[in-house]
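To keep things clear, I will list the structure first and then write my remarks on it.
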Amino acid sequence: MTNIKVILQKLCKYLDPILTFNELDDIVEKQETQLNDLRIIENAMNQPDLSNVLVELCNEYRMCRESDVIGVYVETWDEFSQFINPEQFSVFLYALIANINSNRFSKCKTIALLAARCYCLCQTSPGSKAFGFFNENIFEKCFDLLKNLGSGAARTTSQSYEQTERQINCITFLEDIEIFLGIVSLDGYLDVKHALIENMTTVLGFHYVNSLPRAPLVVEKCLRVLESLIQPLQGDIKANLLLILNGTISLNRRHKLDASSMGTSSEMNSIVNWFISLLDKYPKQTCAVLTAFIKHVLTIPGLSGDSYDRLRNIDICVQYDSAMYTKCNRSIVDYLKDLASSTVTYDRESCMEMVGKMLLVDSLPCSWSTSSKTVPREIDLLSLLVAKFLDSNVIKVKAVNLFLKVTQMGNTMSKRILQSFMPIDNSEESSNESLDVPGIEELNDLPNKLFEIAQWNMRNISALVRRSALILLEYVATLSVGIEEFLSSKPFEKIVEDASPMVRRQIVSTLETILHIKSKEILVCKSYVKAMMFLSNDSDPKVVDDVMDSLRKNIFDNIDKYEETASERKLFPWKLLRLIIALGEESLDLRKCIEKSINRNLMTSRTLQYLETYLNSSYSLDAWILLSMVASNIKSQTPQFVFFKLQENLRDFGHETPTKAFYQLDVVQKWFDHFPRQSQIDLFSKFTTLLEAGKVSPMHVKRIYDMCYKYAKRTGELEQWTKQMKTKCESYILKNCKLEMASSSYDHQLISYLVIYSETIDEPTQINRNITNYLFNFLHVELPKKINVDPNITSKVNVMQIVLTRLAFCDEEILTKCVPMLVAVLNRKGLTDNVCETAIKCLGDLCKKYTQLVESVISSVYMKTQSISEQVRNCAIETLAILVLDDYLKFRGSLLLYVLAATADPKDNIAQLAHELIIKFANEKNAILIQSCLRECPFTFNDFKIFDHSELFGSDPLLRSPLKARCNARRYIYRFLVHNLEVINCYMYFEHFSTINDYLSKKGFQKTTELIQSVHDFLYICEHICKSKNMPKSERSMPSDEATAEPTTSKRSRQHTTLPQAIVVVEKSISRFPELSASLIELDANFKEKFNRICVAICEHFGDSIKYFPNLFWDKYRKKKPMKPPMKPVGRKDDVDECGISSSKVQKMPRKSEQRHSEVRKCSVRVTSNNSRKRAISLVINDSESDEEASTSRTSEAHTKRLRTNQASKRMVIDDSDSDEHSAMVTKSVRVSLNRLSLNITN
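Mapping of the sequence shown onto UniProt numbering: position 1174 corresponds to residue 1174, and the numbering continues sequentially without gaps.
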């Protein structure tokens, strides 16, 4: 027998028999102040012993429920109802609880808490529900007290006593609730459960955030209460778990409690760990609930707030899955396989992130389910993650980043699997262990697949995807995959020339990483060097910075003393340097870049000292070349050492063959002012002796003469020294010139004196006419006789052209003779290509000063763009590019026509030069150039005049097309022009249907082959527009960024055409198709099939625009099936989409939404530099196959299909033989250098 009955009898005097529950509930809900005025409240608060009675009741109940004594009699509500009304008692306690916030009575909070405890504990007596004592509303008020107890402590942190009291009261109340839940079932009382869980969440959240002294104890009591709510007594376990999971989901944002410092178990320090601990008690139900949570997180965007919350929830999902897999052998992998092919992007993205993070966590299956043949789930997870490399662009980038994170920080099994694909010699032990992994044969093709995917993604329209593909390639390089040939292929060359600076910067990092991995592979070294040389002259300074840092780390910083270069690794910098030298002309780009980069500190004084130790070794030539590159940026502490080395090689300055003397002179010229005075005097004396003796090779004359000239000017001896030098040269030339004409030998002194003589002339009065007459006479009279007789005729003619051109800058009389002479030499048959190159360069230099005179004969130069010699064509287009871009020549008429023809050159490098000249001129000079070219070219190319006023070709009466009989070349050019024209301007091109129709409607027009072929070309262009361009999504939209991103020009006063305006032009043009059809068939019956094809193409492209036109004409075309584009041959210039310069398979047509701009990226260098010659980015032509692939990729989500790659792209390997000897490479390099330096006519 307990004392509960006695205590309850003491409380009878506080009850109010008149007040009903409904009346009190209305007062509480309205929150009226009359609650304090109720008689039941006044009576209770005025009794000092009420709190003692309530405490006594609570203690008696707790003692009874916690007692271990067998046979303790527990009173029921059947007995209590004999002396106390259960409803009146519940109203009494309800009033006390609701009065917690009263300001009238000081002890109302204490009384309210005791009342709530009593109400919960009294429910443990049997019959509370049957006798009406159980009430859901009162329970909700009781549980609301937890908010005041659990979260109110933060407001009184300065009052430690009150804080401690609150926490103790909270813990006590939680214990009472736990007792209550252990006896009373809340099954069917969903609102009570919700109220309890909500308040538990508030208390837990507060104590997770605030590190209070008793926070771990409060958290532990809360979690025990929640665990009590799960027991079978409270209804369905799974349903209750779901309630708790939903109610506590906000706690996922809270930090964990520090279990070690707070003295609580790990499963109690966070809500996540608590759920995981339930797997041991309720495995089946907990697995089902956690699985449902994972599925909701992965598929419902609203479940997570911002991206941070989403990633945190996925981390929690990974913890849950790992725990289920370890404890219950349950995994979410099967569901992820299905989710990976979802049509919703969010689902696939979540799936990918989940898979990536699962691979970072060690998760072993439970011991009772494992066997030696169990296939680890990492096999499936890796397959899923790799498959995401071919998903949407956003997912591709994230998937690659996650995969690379797995390779670095993956779990034990993931690393073990990936180690199996490493070369055995690098990780033999781990590779042998990984072979024991069951099911690994499913990933046998992983290295090749990653390689193919990396190549595929390098063609993507998104710069971020292309960058991620390069990062993936770094990992592929560590596998047993041969990527060496790919690094030398055309597709990779295109990615080096990428339009995005971000991608180009990544190229530097990627190639540097691959170089460290495969430093012994010569193809890798060549690819690295070639890319660095190309990017060293980049327009983006950050790219150049990265290149310089990479070269510094791999070449300059690794140079050691010669005596310490015993290993191959020590000689690696020289291996790279020799490859740079082998590039010849491209190595000049690095030289220019280094000379501009004064503050880059590529070479320290220590490195310079080490470099000087190689001047006496077999690497002396390489050392001199490297020294010449950096001589402008750094000065030697012992310059006399270089002086002594130069003296040893003075005899070499008269040799024609390239030697180290060329680079020695370069270094000496840059360091001349830093030599000791006596060394300067000695050099001046010896150089003067060499010049006077005529024993200096023409390639060295300028450097030596400049140093002597500078020194003589500084010492005041310039006039005397120049006169002496001029007299010596004149004397020898006049004495031996007649002998030279009659002889077929090569007089080195005479040639040297001629070059020196041209350096000494500053004024017309100084020129000896006998010498110029000799030069002109030789080129006009003697040259034809000696072409096939004199073996040295090329060297003689080149020097004479250069000397006469230099003299022409000083004398107009010589100029008027020199220009026709150069034209005659250029057009003379039988001379070598080198002579023609020299003549073209001389004419180009003269054009810069005497434009009008040279412009009259410039036709001889642009006609050489069609020469049979590749060398001459290249020189001609380079020279014309400089003159056009510097505004020395007008870019129209025959000049423009021949440059357009050069875009179809069979050699990629020449075609690329022409491409870039046109694009650069359009960007900087004439915004409508391409549009005007497309308008007039079909007729101009076929020598047919249809426009009365031609903007580009009308002013040239002697215009003759070199493309008249070359249909494939013409079509190539049309595709090039269409590709670089914005879609709105392409639609405007359709207005010329009316022009043709009007022309054919005239009476008496002449039917010619030129007219027929011109119309054929025009129809081809229109058909290509329909097949290669995509209709913008909104016809009412304003012009896209591509349309408005035209270069700044003074002629930009034209208003941009909008898409609706362009569509109107198309509609007006095709409205005349019935009439035009008859005219064309009358002109030539062969037009019928061609016209049918263009009508079908228009129906496919402008479907909505032709619905209002006569059905009688258009129905037959609407019913036709879409025509597939014909298969295109690979590897020939005939097709712009397959040629080497356009990379049809590498990149798709740039659009506004694809993060690439249609305008060609501006270069900071001339077109004739190596960099700009190769980077005509807007020339990436998009063929119909690429458009179909892009369309498939964009619509795959709507049609629940995924783009798959079946094979790698076809690789075009650059011919770069490894067998070239070092001497041959040096010879090539120096010859190119001489070409650039010795022919610098204008000084």
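Ideal placement from N, C-alpha and C gives every residue a C-beta, glycine not left out.
Exercise for review: Could you say which of 300, 907 and 878 lies nearest to residue 918 if we only look at CA atoms?
Suggested key: 878
Handout entry: residue 1214 to residue 550 span [Cα, whole Å]
Key = Residue confidence is low: residue 1214 scores 25 on pLDDT, short of 50, so the model does not pin down where it sits. Its coordinate-derived value is still stated next. So the two alpha carbons sit approximately 24 Å from each other.
In angstroms, rounded to a whole number, what distance separates the CA positions of residue 907 and residue 876?
14 Å
*residue 472 vs residue 499 beta-carbon contact at 7 Å*: no
field: Where the alpha helix (DSSP H) containing residue 910 begins and where it ends
entry: 908-924
* Option nearest residue 406 by Cα separation, candidates 100, 982 and 359 -> 359
**Message:** If distances are taken between C-alpha atoms only, which option among 559, 616, 571 and 582 comes closest to residue 610?
**Reply:** 559
Exercise. What's the C-alpha gap between residue 736 and residue 509?
Worked result: 60 Å
Open item on the list: When you compare the region 385-405 with the region 329-337, are there three or more beta-carbon pairs, one atom per stretch, that lie closer than 8 Å?
Closed with: no
*Range of the contiguous alpha helix (DSSP H) that encloses residue 881*: 870-885
Please state the DSSP three-state secondary structure of residue 377. coil
Check your understanding: DSSP state of residue 333, grouped into three classes?
Key -> helix
Restricting to Cα atoms, I'd like to know which of 222, 287 and 888 is closest to residue 207. 222
Neighbourhood of residue 350 by C-beta, 6 Å cutoff - its chain only, sequence neighbours within 5 removed: 298
Rounded to the nearest angstrom, what separates residue 721 and residue 764 at their Cα positions?
19 Å
Residues in the same chain with beta-carbon distance under 8 Å from residue 671, minus the five sequence neighbours each way, listed in chain order, please. 631, 635, 636, 639 and 642
Between residue 512 and residue 528, what straight-line distance do the alpha-carbon atoms span, to the nearest angstrom? 7 Å
Cβ pair residue 615, residue 570 closer than 7 Å | no
Practice task
Can you tell me which of 786, 783 and 707 puts its alpha carbon nearest to the alpha carbon of residue 759?
Solution key: 707
* Proximity below 7 Å, CB of residue 131 to CB of residue 86 -> yes
Q) Okay, do the region 493-507 and the region 455-475 touch, 3+ Cβ pairs below 8 Å being the bar? A) yes
Item to complete: Report the option in 475, 505, 507 and 521 whose CA atom is closest to the CA atom of residue 485.
Response: 521
- request: Quick one: residues in its chain with C-beta nearer than 6 Å to the C-beta of residue 78, no 5 flanking neighbours on either side, listed in chain order?
  value: 127
Simplified DSSP assignment, three categories, for residue 262
Note that residue 262 scores 48 on pLDDT, short of 50, meaning its location in the model is unreliable; the coordinates nonetheless yield the value given after this. Three-state result, residue 262: helix.
For residue 83, tell me which candidate among 9, 981, 240 and 1024 has the shortest Cα-Cα distance.
9
By DSSP, does residue 353 sit in helix, in strand, or in coil?
helix
Please determine if the region 180-191 and the region 224-242 are in contact, where contact requires at least 3 C-beta pairs separated by less than 8 Å.
yes
Tell me the residue span of the alpha helix (DSSP H) that contains residue 966. Residue 966 -> no alpha helix (DSSP H), and no H or E assigned at all.
Notebook entry, point to check: In the structure shown, what three-state DSSP assignment does residue 746 receive?
Noted result: coil
Residue 836 versus residue 698: straight-line alpha-carbon distance, rounded
19 Å
Where residue 12 falls, given that 16 or more other Cβ within 10 Å makes a residue buried: exposed
Along the chain, where does the alpha helix (DSSP H) containing residue 810 start, and where does it finish? It is not in any alpha helix (DSSP H) - residue 810 carries neither H nor E in the DSSP assignment.
Quiz item: What residues in its chain sit with their C-beta under 6 Å from that of residue 932, if we drop five residues either side in the sequence?
Solution: 951 and 952
With contact counted as at least three CB pairs below 8 Å, one residue from each stretch, are the region 803-819 and the region 866-875 in contact? no
Query - Rounded C-alpha distance that separates residue 1030 from residue 1100 - result: 11 Å
Do residue 540 and residue 573 have their C-beta atoms within less than 7 Å of each other? no
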